[in-house]
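Since the structure comes first, as structure tokens, the remarks are kept for the end.
Protein chains: 2
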Amino acid sequence: MTRIEIGERIRRLQARLAESGMQAALLLMPVDIFYFTGTRQNSALWVPAEGKPVLLVRKSLVRAKAEGLIDDIRPFPSSKELSALLGREGDKVGMTFDAVPMAQHAWYSKVLPGRTFADVTMIVRELRSVKSSAEIEMLRHSAEMLVSIFFEVPTFLKTGMREVDLAAEVEYRLRRIGHEGYVRMRAFNQELFGGMVVSGGAASYGFFDGAVTGKGLSSASPQGASLDAIRENEPVLVDFAGVFNGYIIDMTRMFVIGRLDPELQRAFDVSLEIQEAVRRAMVPGAIGEEIYKQAAAMAEAAGLGCNFMGMPGEQSRFVGHGVGLELDELPLLAQGFGMPLQAGQVVAVEPKFVIPGKGAIGIENTFVVTEHGGERLTGLSDEVVEL
Amino acid sequence: MTRIEIGERIRRLQARLAESGMQAALLLMPVDIFYFTGTRQNSALWVPAEGKPVLLVRKSLVRAKAEGLIDDIRPFPSSKELSALLGREGDKVGMTFDAVPMAQHAWYSKVLPGRTFADVTMIVRELRSVKSSAEIEMLRHSAEMLVSIFFEVPTFLKTGMREVDLAAEVEYRLRRIGHEGYVRMRAFNQELFGGMVVSGGAASYGFFDGAVTGKGLSSASPQGASLDAIRENEPVLVDFAGVFNGYIIDMTRMFVIGRLDPELQRAFDVSLEIQEAVRRAMVPGAIGEEIYKQAAAMAEAAGLGCNFMGMPGEQSRFVGHGVGLELDELPLLAQGFGMPLQAGQVVAVEPKFVIPGKGAIGIENTFVVTEHGGERLTGLSDEVVEL
Chain A
1 MTRIEIGERI
11 RRLQARLAES
21 GMQAALLLMP
31 VDIFYFTGTR
41 QNSALWVPAE
51 GKPVLLVRKS
61 LVRAKAEGLI
71 DDIRPFPSSK
81 ELSALLGREG
91 DKVGMTFDAV
101 PMAQHAWYSK
111 VLPGRTFADV
121 TMIVRELRSV
131 KSSAEIEMLR
141 HSAEMLVSIF
151 FEVPTFLKTG
161 MREVDLAAEV
171 EYRLRRIGHE
181 GYVRMRAFNQ
191 ELFGGMVVSG
201 GAASYGFFDG
211 AVTGKGLSSA
221 SPQGASLDAI
231 RENEPVLVDF
241 AGVFNGYIID
251 MTRMFVIGRL
261 DPELQRAFDV
271 SLEIQEAVRR
281 AMVPGAIGEE
291 IYKQAAAMAE
301 AAGLGCNFMG
311 MPGEQSRFVG
321 HGVGLELDEL
331 PLLAQGFGMP
341 LQAGQVVAVE
351 PKFVIPGKGA
361 IGIENTFVVT
371 EHGGERLTGL
381 SDEVVEL
Chain B
1 MTRIEIGERI
11 RRLQARLAES
21 GMQAALLLMP
31 VDIFYFTGTR
41 QNSALWVPAE
51 GKPVLLVRKS
61 LVRAKAEGLI
71 DDIRPFPSSK
81 ELSALLGREG
91 DKVGMTFDAV
101 PMAQHAWYSK
111 VLPGRTFADV
121 TMIVRELRSV
131 KSSAEIEMLR
141 HSAEMLVSIF
151 FEVPTFLKTG
161 MREVDLAAEV
171 EYRLRRIGHE
181 GYVRMRAFNQ
191 ELFGGMVVSG
201 GAASYGFFDG
211 AVTGKGLSSA
221 SPQGASLDAI
231 RENEPVLVDF
241 AGVFNGYIID
251 MTRMFVIGRL
261 DPELQRAFDV
271 SLEIQEAVRR
281 AMVPGAIGEE
291 IYKQAAAMAE
301 AAGLGCNFMG
311 MPGEQSRFVG
321 HGVGLELDEL
331 PLLAQGFGMP
341 LQAGQVVAVE
351 PKFVIPGKGA
361 IGIENTFVVT
371 EHGGERLTGL
381 SDEVVEL
């Protein structure tokens with residue numbers, strides 16, 4: 001990241017604030033602060049619609065100054081000084097209502113009297129969704145790292161190992177090549193550890209807003225790998241997020257020790273057809289909801305409508321999600337998502353099916369929206385790997 | 001967990017709601033919902049001050065019914081039905097203002113007209129801080145698991161490996177014995193991946209609300225292990241959270257390949273003295289702030305006041321923190337924490353020093369508050385392991 005790029009990000013935000021009649025934004029989420037300054041230290045970022053941003057740092061000021069790429073980085077002031085520093089009475093100030101807790105809002109309302117707060121969630125998320133060429137290079141690096149470990153899976157996947165053993169092998173290798181581990185998610189009440197390893201016929205119901213959840217290890221962490229042993233001739237779905245330098249890439253591949261059930265193979269073939277149709281449709285101006293509906297229609301036409309994107313009866317209504325600094329960025333290829341796609345948005349496309357008693361199957365790759373359709377970042381053969 | 005224990009937890013909450021003049025609590029944080037129901041599926045929990053709680057599930061209803069230990073578990077209703085179901089106009093309804101985002105509050109304010117919302121953060125956190133004997137058994141199990149991996153560190157710690165390699169070895173082994181990976185933190189803008197491996201003289205400034213942060217792998221994840229190689233005669237601080245069945249144990253041990261610098265050894269000895277003084281003081285009725293002040297005074301008396309609990313100038317003002325389903329539970333042994341300790345609270349005590357140019361050093365064990373002082377859960381020798 002460079003000061004020039006950070007400056008451009010700030011200017012784009014300022015233009016949107018001015019358009020929306022806001023005098024400033026007060027950003028409190030670490031990931032948003034990182035995007036607009038280059039540091040995620042514990043701090044608050046004030047961006048006036050006109051003028052220079054200021055980063056107020058609780059901890060660590062030393063590190064924020066070393067990492068930050070804006071000029072005005074200073075210690076978090078007293079409440080009294082805060083009001084003198086941040087705008088004036090009558091200002092309309094943007095805050096990301098999706099993520100800022102009530103207690104934070106209440107405190108800032110008290111120390112910044114006379115300001116009204118307005119929601120800038122969609123402005124911030126939309127700006128962040130369009131990646132610069134530098135960000136796409138970061139994502140390309142994350143993709144190369146993640147692909148390199150997926151490529152090795154056949155060397156350590158064995159009959160009889162438990163899902164959690166396979167997950168541990170993947171996580172260990174990812175970590176050693178620089179995976180940062182923590183997968184940031186924005187949606188309230190979502191959380192993810194690393195990824196999913198789900199095998200066999202016991203694909204599970206779950207809270208996770210994805211197609212496949214996994215049993216997990218307990219009701220406290222009811223997602224991802226379980227203690228179930230991986231058996232011959234059963235599908236093994238490996239879905240991991242690769243986090244390098246903060247940038248998240250998401251991909252899924254299927255493995256089987258032996259032969260895949262023909263019904264699963266057929267569903268897999270349909271997932272590849274859907275992926276290709278979605279990829280072609282990922283051009284600027286396309287509508288995420290229409291792409292999802294096309295994908296769902298293809299699943300329906302293949303007789304797999306009830307199995308598309310989740311357990312029958314609890315299916316998710318999407319086929320792709322933005323990735324970047326968070327796993328659940330904009331845009332969505334989902335029911336109800338009407339914003340036109342923009343060039344430079346990055347989307348994990350994951351058509352998947354769950355066939356109760358047989359297993360979870362599908363594909364996932366991460367693509368950049370371009371004039372020519374999705375440009376793929378995750379360069380590894382899609383085929384089911386038979387061992 | 002049993003239905004009886006869940007029933008008792010609900011009754012304790014109901015008593016506190018009644019005392020506070022609230023007609024109900026509406027709990028939205030997954031970890032709170034898990035504590036009061038046994039499931040963390042995506043849902044909202046309504047607990048009236050009198051009568052039966054109801055869990056409204058967005059996803060997965062099937063799994064929430066399988067896991068949940070209360071009677072009334074049903075699909076999340078329409079907005080109109082919600083208002084008929086959850087109390088009435090004029091009700092004062094508790095919500096955890098520390099963690100619930102503004103957008104959630106705004107939505108519930110709209111669909112539940114006429115209710116006012118009040119903060120139940122401290123009620124919920126205080127109830128959760130006192131562990132039942134069943135919970136202490138869970139924590140004991142987590143401690144045994146975590147200790148078993150710390151015990152193995154000398155078998156895989158080698159000169160020249162990078163901090164991240166050592167972290168990967170610890171994480172891999174923890175995962176294979178059932179570590180759930182995801183370390184829940186409650187505080188806004190805190191986050192942690194697994195733990196910290198920090199070696200040598202480069203202990204770092206950082207956002208993390210602890211004594212030691214670590215450089216991490218990038219400014220996006222500025223904490224924990226870095227790419228620095230572990231060298232002879234340098235302190236290696238290994239601080240990990242063990243998460244099993246949702247319950248978190250926290251411990252730290254020191255390793256050195258060769259000999260420890262005498263100044264560091266002396267600081268380490270002081271950390272053991274402080275730990276023992278804190279342990280003795282951990283009786284019901286003791287005040288967290290006073291325990292912290294005693295610890296800080298001991299550090300000061302040893303000439304290490306500027307090094308206690310962080311980089312000089314950016315020190316944390318605590319010496320212990322509650323653990324349980326979150327890493328940052330109540331009580332705190334910290335400046336400003338005036339609530340008396342209660343029997344059954346579980347606290348990670350971590351007197352540590354950072355000596356610039358030499359490194360981070362200290363100890364951490366997790367204790368239960370009892371009439372006889374802290375009862376230790378993490379049973380492994382405290383001594384610096386010299387290899």
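From first to last, the protein sequence lines stand for chains A and B. Quick note: the first sequence uses the UniProt record's numbering, first residue 1, plus one each step. Quick note: the second sequence uses the UniProt record's numbering, first residue 1, plus one each step. A virtual CB, placed ideally from N, CA and C, is assigned to each residue, including glycine. Note that the structure is predicted; figures quoted are calculated from it, not measured.
key: Classification of Pro113(B) by the beta-carbon crowding that lies within 10 angstroms, buried from 16 upward   = By 1-based counting over the second sequence, the position of residue 113(B) is 113. Exposed is the call here.
task = Following the continuous beta strand (DSSP E) through Asp165(A), name the residue where it begins and the one where it ends.
result = Translated into the one-based positions of the first sequence, residue 165(A) becomes position 165. First-last for Asp165(A): 163-176, but that is the alpha helix (DSSP H), not the beta strand (DSSP E).
ask   = Is there at least one Cβ from chain B nearer than 8 Å to residue 398(A)'s Cβ?
value = There is simply no residue 398(A) to check, as chain A begins at 1 and stops at 387 in what is shown.
inquiry  = Is the separation between the beta-carbon of Phe240(A) and that of Val384(A) shorter than 8 Å?
reply    = Locating residue 240(A) in the first sequence gives position 240, counting from the first residue. Locating residue 384(A) in the first sequence gives position 384, counting from the first residue. Taking 8 Å as the Cβ cut-off, Phe240(A) and Val384(A) do not qualify as a contacting pair.
request  = Decide if the stretch 139-147 of chain B is in contact with the stretch 53-73 of chain B; the criterion is three or more beta carbon pairs, one per stretch, under 8 Å apart.
outcome  = no
query = What does Tyr292(B) touch in chain A if you count any residue whose Cβ is under 7 Å from its own?
reply = For the purposes of this step, residue 292(B) is taken as the residue at position 292 of the second sequence. Chain A residues near Tyr292(B): none, gap ~18 Å exceeds 7 Å.
ask   = Taking Cβ positions only, does Asn189(A) come closer than 8 Å to chain B?
value = Along the first sequence, one-based indexing puts residue 189(A) at 189. By this cut-off, Asn189(A) is an interface position.
message = Out of Leu56(A), Val283(A), Tyr182(A), Pro235(A), which one is the CA nearest neighbour of Ile248(A)?
response = As a working note, residue 248(A) is residue 248 in the first sequence. Looking at the Cα atoms, Tyr182(A) is the closest of the given residues.
key: Selection of the stretch 222-236 of chain A by Cβ proximity to chain B, strictly under 7 Å   = Pro222
message = Against chain B, with Cβ distances strictly below 8 Å, would Val349(A) count as a contact?
response = Reading the first sequence from its first residue, position 349 is the one you call residue 349(A). It does not; no Cβ of chain B falls within 8 Å.
inquiry  = Does the structure place the stretch 352-365 of chain B close enough to the stretch 228-240 of chain B that three or more beta carbon pairs sit under 8 Å?
reply    = yes
key: Short CB-CB distance (under 8 Å) between Asn42(B) and chain A   = Within the second sequence, the letter at position 42 stands for residue 42(B). Yes, contact with chain A.
task = Have a look at the DSSP bridge pairing and note the partners of Lys352(A).
result = The residue labelled residue 352(A) in the question sits at position 352 within the first sequence. Paired residue(s): Gly362(A).
ask   = For Val197(B), which residues from the same chain have a beta carbon less than 6 Å from its beta carbon, with the 5 sequence-adjacent residues on both sides left out?
value = Residue 197(B) sits at position 197 when you count from the first residue of the second sequence. Contacts found: Glu163, Leu166, Ala167, Ala225, Val238.
message = Can you tell me where the alpha helix (DSSP H) holding Met138(A) begins and where it ends?
response = Along the first sequence, one-based indexing puts residue 138(A) at 138. Looking at the DSSP string, the run of the alpha helix (DSSP H) that includes Met138(A) is 133-156.
message = For Ala295(B), count the other beta carbons within 10 Å of its own beta carbon; 16 or more makes it buried, fewer makes it exposed. Which is it?
response = The residue you call residue 295(B) lines up with position 295 of the second sequence. Ala295(B) should be labelled buried.
task = Name, in chain order, the residues that DSSP records as bridge partners for Ala118(B).
result = Looking up residue 118(B) in the second sequence gives position 118. Partner(s): Gly94(B).
key: Neighbour-count burial assignment, Trp46(B), 16 or more Cβ in a 10 Å radius   = For the purposes of this step, residue 46(B) is identified with residue 46 of the second sequence, where counting begins at 1. Trp46(B) comes out buried.
inquiry  = I want to see whether chain A comes within less than 8 Å of Asn245(B), judged by CB atoms only; does it?
reply    = Residue 245(B) sits at position 245 when you count from the first residue of the second sequence. At least one chain A Cβ lies under 8 Å of Asn245(B).
message = Counting only C-beta atoms, is Arg63(A) closer than 8 Å to chain B at any point?
response = Residue 63(A) sits at position 63 when you count from the first residue of the first sequence. Chain B contact via Cβ: present.
query = Excluding the five sequence neighbours on either side, which residues of its own chain have a C-beta within less than 7 Å of the C-beta of Ala334(B), listed in chain order?
reply = Stepping through the second sequence from its first residue, residue 334(B) is reached at position 334. Correct list, in chain order: Gly288, Glu289, Tyr292, Arg317, Phe318.
ask   = Which ranges does the beta strand (DSSP E) cover as unbroken runs of at least 3 residues, wholly within the stretch 258-338 of chain A, from first to last along the chain?
value = 318-322, 329-334
message = Against Phe318(B), what residues of chain A qualify as contacts under a CB-to-CB distance less than 7 Å, listed in chain order?
response = Working through the second sequence from its first residue, we reach residue 318(B) at position 318. Here the premise fails: no neighbours, minimum Cβ distance about 13 Å.
query = Is Asp32(B) closer than 8 Å to Pro53(B) when the C-beta atoms are compared?
reply = Sequence index remark: in the second sequence, residue 53(B) carries index 53 (1-based). Sequence index remark: in the second sequence, residue 32(B) carries index 32 (1-based). For Pro53(B) and Asp32(B), no; Cβs fall outside 8 Å.
ask   = Using CA coordinates, which residue listed in Arg12(A), Thr213(A), Lys65(A) is at the minimum distance from Arg40(A)?
value = Translated into positions along the first sequence, residue 40(A) becomes position 40. Nearest of Arg12(A), Thr213(A), Lys65(A) to Arg40(A), Cα basis: Lys65(A).
Proximity to Ile274(B) [Cα-Cα], best of Ala297(B), Leu264(B), Asn189(B), Gly344(B) = Position 274 of the second sequence, counting from 1, holds the residue named residue 274(B). Nearest option by C-alpha distance: Ala297(B).
Cβ neighbours of Val124(A) in the same chain (closer than 6 Å, five flanking residues each side left out) = Here residue 124(A) refers to the residue found at position 124 when the first sequence is read from its first residue. Excluding positions up to five away in sequence, the list reads Asp32, Thr96.
task = Could you tell me whether the Cβ atoms of Arg199(A) and Asp228(A) are closer together than 8 Å?
result = Here residue 199(A) refers to the residue found at position 199 of the first sequence. Here residue 228(A) refers to the residue found at position 228 of the first sequence. Before going on, a small fix: residue 199(A) reads as Ser here, not Arg. For Ser199(A) and Asp228(A), yes; Cβs fall inside 8 Å.
ask   = Is Gln23(A) helix, strand or coil by DSSP?
value = For the purposes of this step, residue 23(A) is taken as the residue at position 23 of the first sequence. In the structure shown, Gln23(A) sits in coil (DSSP, three-state: anything other than H, G, I, E or B).
inquiry  = So Lys131(A) contacts chain B; which residues on that side make the cut at Cβ distance below 9 Å?
reply    = Residue 131(A) sits at position 131 when you count from the first residue of the first sequence. Residues of chain B passing the Cβ test: none, with the nearest at roughly 15 Å.
query = Does the count of Cβ pairs from the stretch 301-313 of chain A and the stretch 245-262 of chain A closer than 8 Å reach three?
reply = no
key: Euclidean distance between Cα positions of Gly160(A) and Glu191(A)   = Taking the first residue of the first sequence as position 1, residue 160(A) is located at position 160. Taking the first residue of the first sequence as position 1, residue 191(A) is located at position 191. Cα to Cα, Gly160(A) sits roughly 28 Å from Glu191(A).
ask   = Do you know whose CA, among Ala15(A), Val93(A), Ser133(A), lies nearest Thr116(A)'s CA?
value = To locate residue 116(A), count along the first sequence from 1; it is residue 116. If we check each option's Cα against that of Thr116(A), Val93(A) comes out closest.
query = When DSSP labels each residue in this structure, what does Glu5(A) get in the three-state scheme?
reply = For this step, residue 5(A) is matched to residue 5 along the first sequence. Three-state DSSP puts Glu5(A) in a helix.
Given Gly194(B) as reference, the closest of Thr252(B), Met29(B), Glu137(B), Arg3(B) once Cα atoms are compared = As a first step, residue 194(B) is located in the second sequence; it is residue number 194 there, counting from the start. The option with the nearest alpha carbon to Gly194(B) is Thr252(B).
ask   = The beta strand (DSSP E) with Arg58(B) in it runs from where to where?
value = Along the second sequence, read from residue 1 onward, the residue named residue 58(B) stands at position 58. Residues 54-59.
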